[in-house]
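Scroll down for the structure; my scribbles are underneath it.
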Amino acid sequence: MKTAVVTFPGSNCDRDMWVALRDVSGKEPVKVWHGDADLPDGLDFIALPGGFSYGDYLRSGAMAANSPILRSVKAAADRGVPVLGVCNGFQVLTEAQLLPGALMRNAAQNFICRTVPLVVENDSSLFTSAYSKGETIRIPVAHHDGNYFAADDVLDRLEGEGRVAFRYAENCNGSRRDIAGILNARGNVLGMMPHPERAIEADHGGTDGRRLFEGVIKSLVSA
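If you're matching positions, the sequence shown starts at 19 in the working numbering and goes up one per residue.
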């Protein structure tokens, strides 16, 4: 099991993601810099962490989406390698057109940092296989630009194809149709605003995020 965490200038959750993957998989993830041209060979899982890549000086994730490493991430996703983008990583995935839609400024124009309830909408993906459809879990959020937007036809397609992974039980940022996380058509790319890597130890307030990583690893090992 070989995992990797990509760090951009301004990432601030890369260490959290690295620790989560190490603790759950039992193996240290590879650290990848945004300026690298190629990913290491043999990767089973790639994570794009949260933070403020390039200071969010253009649009959140827009500059990171043009980093050299993203070409390799896109190629890996096209081959079927699972890719997880959390918070700023979700923004990067939309800007890189690996996922549809966009993340806009929170409806209340404020930074939100608290634990929120999420409803699991899809339990058949490798990312959500350790959850039950309709289950409510609690995961921390920390974002200023987490308001998910897409056109009605895109939203209809996401819902019709079962690609909404998580919804906010209490919409904290104005996201359309309460969407907190979505999958690509193949099901191997997940973008979500809440931080599962911050919910893997009881001492940190909860372990609901741990099951996401456990589900991924179990699915990959048994494949």
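Each residue gets a CB set at the ideal place from its N, CA and C atoms; glycine is no exception.
A distance below 8 Å between beta-carbons, with the five flanking residues on each side excluded, links residue 130 to the following residues of its chain, in chain order: 124, 159, 160, 161, 162, 164, 190 and 191. Residue state for residue 206 is assigned as coil, using DSSP reduced to three classes. Taking a C-beta distance under 7 Å as the contact criterion, residue 29 and residue 69 qualify as a contact pair.
Between residue 22 and residue 61, the CB-CB gap stays under 7 Å.
The C-alpha of residue 207 lies about 6 Å from the C-alpha of residue 100.
When the alpha-carbon of residue 107 is set against those of 183, 199, 126 and 225, the nearest one is in 199. Rounded to the nearest whole angstrom, the CA to CA distance from residue 218 to residue 112 is 26 Å. Around the CB of residue 183, 16 or more other CB atoms lie within 10 Å, so the residue is classed as buried.
Secondary structure at residue 161: strand, using DSSP grouped into helix, strand and coil. Straight-line spacing of the CA atoms in residue 137 and residue 225 works out to 15 Å.
For residue 25, the secondary structure class from DSSP, reduced to helix, strand or coil, is strand. Put simply, of 202, 139, 175 and 121 the residue whose alpha carbon is nearest the alpha carbon of residue 92 is 202. Ranked by how close their Cα comes to the Cα of residue 105, the residues 181, 232, 211 and 237 have 211 in first place.
When C-alpha distances from residue 98 are compared across 64, 73 and 82, the shortest belongs to 64. Residue burial is scored here from C-beta neighbours: residue 96 has fewer than 16 other C-beta atoms within 10 angstroms and is therefore classed as exposed. Of all alpha-carbon atoms in 19, 186, 229 and 35, the one lying nearest the alpha-carbon of residue 149 is that of 229.
When secondary structure is reduced to three states using DSSP, residue 72 falls in the helix class.
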